[in-house]
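Okay, structure first, notes after.
2 protein chains.
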Amino acid sequence: APSIINRAFSKEQFWDGRAASLEEQAKGPLTNPVEMGMPSHDAVVKKISAIKGYREWFKRVFGNDVNIDDLAKAIATFERTVVSGGSRMDRFTFGDKSALTEAEKRGFELFEGKARCVQCHNGFNFTDEQYHNIGVGWDTGKVDLGRYTVTKRREHIGAFKTPSLREITTTDPYMHNGSIETLEEVIEFYNRGGVGNPFLDIEMKRPSASLEEMLDALDKIEGLVKLESNEGATLNLTRRDKADLLAFLKALDGKGWKKIEEPESFPK
Amino acid sequence: APSIINRAFSKEQFWDGRAASLEEQAKGPLTNPVEMGMPSHDAVVKKISAIKGYREWFKRVFGNDVNIDDLAKAIATFERTVVSGGSRMDRFTFGDKSALTEAEKRGFELFEGKARCVQCHNGFNFTDEQYHNIGVGWDTGKVDLGRYTVTKRREHIGAFKTPSLREITTTDPYMHNGSIETLEEVIEFYNRGGVGNPFLDIEMKRPSASLEEMLDALDKIEGLVKLESNEGATLNLTRRDKADLLAFLKALDGKGWKKIEEPESFPK
Chain W
1 APSIINRAFS KEQFWDGRAA SLEEQAKGPL TNPVEMGMPS HDAVVKKISA IKGYREWFKR
61 VFGNDVNIDD LAKAIATFER TVVSGGSRMD RFTFGDKSAL TEAEKRGFEL FEGKARCVQC
121 HNGFNFTDEQ YHNIGVGWDT GKVDLGRYTV TKRREHIGAF KTPSLREITT TDPYMHNGSI
181 ETLEEVIEFY NRGGVGNPFL DIEMKRPSAS LEEMLDALDK IEGLVKLESN EGATLNLTRR
241 DKADLLAFLK ALDGKGWKKI EEPESFPK
Chain V
1 APSIINRAFS KEQFWDGRAA SLEEQAKGPL TNPVEMGMPS HDAVVKKISA IKGYREWFKR
61 VFGNDVNIDD LAKAIATFER TVVSGGSRMD RFTFGDKSAL TEAEKRGFEL FEGKARCVQC
121 HNGFNFTDEQ YHNIGVGWDT GKVDLGRYTV TKRREHIGAF KTPSLREITT TDPYMHNGSI
181 ETLEEVIEFY NRGGVGNPFL DIEMKRPSAS LEEMLDALDK IEGLVKLESN EGATLNLTRR
241 DKADLLAFLK ALDGKGWKKI EEPESFPK
């Protein structure tokens, strides 16, 4: 599942963006068979209602009995408190040039340049909140359709929402399906250009694509421009590049969200 | 897994046709983790070699010790004996007009006409041995790439080999992923036009597509012509149509292959 960190700053939720709010998103995992697996929302309400403490809180906060909409509101409201900021990168951005080490600064240059990370991971939250196909799963014979399931648009086949990179060291495993365990492997994945497929995002290649190639690709498909394979999409990062990039990614970890701790007790 | 019935009459094996012979195919299931799950072909050879009776048979038949190629030859040779023929439909085809009941004859007409089955299930073995996308899985968010994994051709995304319909009553569950339990449900699946997706085969619609639609579709993609959705692909079969079609399908069961019985004993 996508991390909830800084999701307060985004409208579309889930990897495929099928929920328009955190309230809508919060209802999903309750009955998802691979998450909480409850048979229905009614069953969830019944279970929570059986706990006196929760009944009382719902009365005090919402003025009524436990119900699924208020329950989702409560979860979404909590989620909005899970924020990340105050990272060394933030301090660097706001003018403290000593906040990053030399290796981290080189990593930041790679992030914005040769490694092209910033093509999608841009803005204060290191995400464009858009959907991109980077080829995860196309070498396995089984593919998640991703954003296509919502839009039914051909160019969204296998495209998933760009995640924020904040607190990236603590949100493993990576990729929409959790198929990559470490950040080192993620960097290798991008270094070899992702996995080629007919919907591979042009963002994986743009800097080296000629104008002719771009126009040719535009001719083929309306909407986003996609590449048939990952040929030419490799990044040619050196060993030091990879180490610098990793160092930079670690400088995106902040402190705010870490204050969130499990309550000592729950309503009974 | 696809049925082995009458596979002697086909070159490309597996649902995606990735094996060029039954010998090549026979090596697959041994180490497939969801089939026999052996760690390697060496481990298979070692296991079979440990049985004296097999060692003797390999010496007598192949003139050498157990090895993976001869083992595959033996399995493939057995598979070629699993044939189906002599069905009532065969007798009908060869002139015995009383071999089918009236309902079955109506079913045959539907098969070749309104229900369009014959668009892909044609020839003596009721298969064109080609690859088609009928949309299985496109309503679940997860898709098997099928023939695409072999050819890397866009128009083969989600396309699987047309299976023979001989002995169809005994080869359930149906579809490449076994997602449909009964023939009744298979007929319903086709009746609603499969599941729409950008690669849905034009064979799902051809009879009702206008020349203009066909040319338009041809403009869009080189190679096979595909449809964006399953709109207009529904068959409008009546309740009697469905019953007749089912009756016909059952008349494809033969007798030849049923003589194959498990041996009373195996080499020891």
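Residue numbers (the UniProt record's numbering), protein chains in the order written: chain W, 1 to 268; chain V, 1 to 268.
Beta carbons are placed, not taken as given, at the ideal position from N, Cα and C, and that holds for glycine.
Computed from a prediction, not measured in an experiment: that's the story for all the values here.
{"query": "So what's H121/W in DSSP terms, helix, strand or just coil?", "result": "coil"}
{"query": "Please check if any C-beta of chain V sits within less than 8 angstroms of the C-beta of T149/W.", "result": "yes"}
{"query": "Do S84/V and I157/V have their C-beta atoms closer together than 8 angstroms?", "result": "no"}
{"query": "According to DSSP, is V143/W part of a helix, a strand, or is it coil?", "result": "strand"}
{"query": "Should K142/V be flagged as near chain W, meaning a C-beta pair shorter than 8 angstroms?", "result": "yes"}
{"query": "Got a sec: which bits of the segment 24-58 of chain V sit with their beta carbon under 7 angstroms from any beta carbon on chain W, in order along the chain?", "result": "none"}
{"query": "Beta-carbon within less than 7 angstroms of F189/W's beta-carbon, same chain only, minus the 5 sequence neighbours each way: which residues are those?", "result": "I180"}
{"query": "Can you give the beta carbon distance from L252/W to S87/W, rounded, assuming they're within the 8 angstroms contact cut?", "result": "5 angstroms"}
{"query": "Measuring straight from C-alpha to C-alpha, what distance separates residue 281/V and A247/V?", "result": "Summary: the structure shown does not reach residue 281/V, with chain V confined to residues 1 through 268, and so no result is reported for it."}
{"query": "Given this structure, state the Cα-to-Cα distance separating D128/V from F78/W, to the nearest angstrom.", "result": "57 angstroms"}
{"query": "In whole angstroms, give me the CA-to-CA distance for E167/V and R147/V.", "result": "24 angstroms"}
{"query": "If the cut is a Cβ gap below 8 angstroms, which residues of chain V does P198/W touch?", "result": "R154 and I157"}
{"query": "Please report the distance separating the alpha-carbon of T81/W from that of K259/W.", "result": "10 angstroms"}
{"query": "So for E222/V, helix, strand or coil by DSSP?", "result": "Residue confidence for E222/V is low, a pLDDT of 43 falling below 50, so the modelled location carries little weight; the figure read from the coordinates is stated next. In the structure shown, E222/V sits in coil (DSSP, three-state: anything other than H, G, I, E or B)."}
{"query": "Does the beta-carbon of R239/V have 16 or more other beta-carbons within 10 angstroms, so that it is buried, or is it exposed?", "result": "exposed"}
{"query": "Since L145/V meets chain W, which of its residues come closer than 8 angstroms, beta carbon to beta carbon?", "result": "W138, G141, K142 and V143"}
{"query": "State yes or no: is the C-beta of E228/W nearer than 7 angstroms to some heavy atom of the ligand ZN?", "result": "Absence of the ligand ZN is noted for the structure shown, with no ligands found whatsoever."}
{"query": "Among all the DSSP beta bridges, which residues are the ones paired with H132/V?", "result": "F160/V"}
{"query": "Go ahead and pull the three-state DSSP assignment for I180/W.", "result": "strand"}
{"query": "Residues in its own chain within less than 7 angstroms of R7/W by CB, not counting five upstream and five downstream?", "result": "Q13, L22 and E79"}
{"query": "For G223/W, is the classification buried or exposed, using 16 other Cβ atoms within 10 angstroms of its Cβ as the cut-off for buried?", "result": "Annotation note: pLDDT 40 at G223/W (below 50); position unreliable, coordinate value reported separately. So G223/W counts as exposed."}
{"query": "Measure the alpha-carbon distance for residue 312/V versus F199/V and round it to whole angstroms.", "result": "This structure gives no information on residue 312/V, because the portion of chain V shown stretches from 1 to 268."}
{"query": "Buried or exposed: which applies to R116/V, given that a residue is buried once 16 or more other Cβ atoms fall within 10 Å of its Cβ?", "result": "buried"}
{"query": "For L246/W, does the three-state DSSP call read helix, strand or coil?", "result": "helix"}
{"query": "Is D201/W helix, strand or coil when you go by DSSP?", "result": "strand"}
{"query": "Look up A19/W in the DSSP assignment and say whether it is helix, strand or coil.", "result": "strand"}
{"query": "Output the boundary residues of the alpha helix (DSSP H) element that contains residue 270/V.", "result": "It is not possible to answer for residue 270/V, since the shown part of chain V is limited to 1 through 268."}
{"query": "Less than 8 angstroms between C-beta atoms, sequence neighbours within five positions excluded: which residues of the same chain meet that for I221/V?", "result": "Residue placement at I221/V is poorly supported in this model, since its pLDDT is 48, which falls under 50; the coordinates are not used for a value here."}
{"query": "If you drop the 5 nearest sequence neighbours on each side, which residues of the same chain put their C-beta closer than 8 angstroms to that of H41/V?", "result": "K27, L30, T31 and I68"}
{"query": "Which of the three DSSP states, helix, strand or coil, is assigned to E104/V?", "result": "helix"}
{"query": "Tell me which residue opens and which closes the alpha helix (DSSP H) that T151/W is part of.", "result": "Y148 to T151"}
{"query": "Beta-carbon separation of L145/W and V143/V under 8 angstroms?", "result": "yes"}
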